[in-house]
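**Q** Chains as they are written, first to last, in my numbering: chain U, 1 to 126; chain A, 1 to 126. Cβ coordinates follow ideal geometry from the N, Cα and C atoms, glycine included.
Number of protein chains: 2
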Amino acid sequence: MPRRPPASSTSSPAPSSRRSPCPVACALDLFGDRWTLLVIRDLFLGRSRFKDFTASPEGIPTNLLSDRLERLTESGLISRVPLEGGKRFAYELTEKGKALKPVLLAMKEWGLRWEEGTRADLLNQS
Amino acid sequence: MPRRPPASSTSSPAPSSRRSPCPVACALDLFGDRWTLLVIRDLFLGRSRFKDFTASPEGIPTNLLSDRLERLTESGLISRVPLEGGKRFAYELTEKGKALKPVLLAMKEWGLRWEEGTRADLLNQS
DNA sequence: TTTTTTCACTTGCAAAGTGCAAGTAAAATT
DNA sequence: AATTTTACTTGCACTTTGCAAGTGAAAAAA
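(1) Can you look up A27/A in the DSSP assignment and give me helix, strand or coil?
(2) What number of angstroms, rounded off, separates the C-alpha of P15/A from the C-alpha of W114/U?
(3) Is any beta-carbon of chain U found at less than 8 angstroms from that of M107/A?
(4) If we ignore side chains and look at the alpha-carbon of each, how far apart do D52/A and I40/A end up?
(5) Specify, as a first and last residue, the run of the beta strand (DSSP E) that L77/A falls within.
(6) Answer with yes or no whether the minimum CB distance from G117/A to chain U is below 8 angstroms.
(7) So, using beta-carbon positions, are E58/A and R68/U closer together than 8 angstroms?
(8) Can you find the residues in the same chain that come closer than 7 angstroms, C-beta to C-beta, to T62/A, ignoring five residues on each side of it along the sequence?
(9) Would you say P13/U and T118/A are within 8 angstroms of each other, going by their C-beta atoms?
(10) Quick one: give me the first and last residue of the beta strand (DSSP E) that A90/U is part of.
(11) When you compare the CB of L45/A with every CB in chain U, is at least one pair closer than 8 angstroms?
(12) Specify, as a first and last residue, the run of the alpha helix (DSSP H) that P13/A falls within.
(13) Report the rounded CA-to-CA distance for P82/A versus L64/A, giving the unit in angstroms.
(14) Can you give the Cα-Cα distance for R71/A and K87/U, rounded to whole angstroms?
(15) For a test of the three-state rule: what should DSSP assign to E70/U, helix, strand or coil?
(16) With D42/U as the anchor, note down where its alpha helix (DSSP H) starts and where it stops.
(17) In chain A, which residues lie less than 9 angstroms from R34/U when you measure between Cβ atoms?
(18) How about A90/A and R49/A: do their beta carbons lie closer than 8 angstroms?
(19) Candidates L38/U, A120/U, P102/U, G76/U: which alpha carbon is nearest S11/U's?
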């Protein structure tokens, strides 16, 4: 995945790396890979620290997690919040990131219906 | 992306390559990349031939298109339908593939809302 | 306070995937 | 019969992925 510039509180400026003006293509430029949406999912599940993400059952490699957290921050889907005094951070969804809930819910429903043996322990409506 | 076995008309058996029982992770195992959902989008837009997909504005490389069509067929999201007599094929969404409409619509809405300059010429409700 | 453990990464490397260009053979068209 | 189009495949350079190991700071334990 190629890299991209930051984001505003309303809507992000079109980066030159955009493949087309299609909103689906555009979305895939931001999270079209095997890991990014799982990090978003974890954030919806209340996980917020680096180790929380690595503890998820899929076992994201730590170098990829670093990379994804950085990209998500750059594209304004998440923000880093400094933890008590120290140099450590928690991550949280921005409004833009929270707006992905319908996407995740649709994928969850699809998976539950069409892929045998899947179960959604945690990701609820609301 | 690692490869996987075929699919039934109800729900697909769990492949050993599955990363977790999470329906989202499972879905991403099938279409978690930058191109697959664009092929699905094109099919929803009525495109069905190899050249139709290559003609989309994102310009998928032909080797990747071949690969994606094969994987989508294997995983039961699309099927190859033989064209009049010859050895050529058209591609169409299966029921399982059509069931991805809510996912694409959610992504479309998200892109339109949060990514400046995107526009959805074609992908409609229904 | 010192030691140990945990956390949040980074680095190195082999393997796999991507993207581009060029090639090919069959089908369709002229 | 010759030309063009279609649906691919192949080759190759480059990038990304996944695994393991290493590192330094912070937190916890002794």
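**A** From the atom records:
(1) helix
(2) 13 angstroms
(3) yes
(4) 12 angstroms
(5) That residue, L77/A, is in no beta strand (DSSP E); it is neither H nor E in DSSP.
(6) yes
(7) no
(8) T54
(9) no
(10) 89-93
(11) no
(12) Where P13/A is concerned, there is no enclosing alpha helix (DSSP H), given that its DSSP letter is neither H nor E.
(13) 21 angstroms
(14) 45 angstroms
(15) helix
(16) 36-44
(17) M1, R19, A25, L28, D29, G32, D33
(18) yes
(19) G76/U
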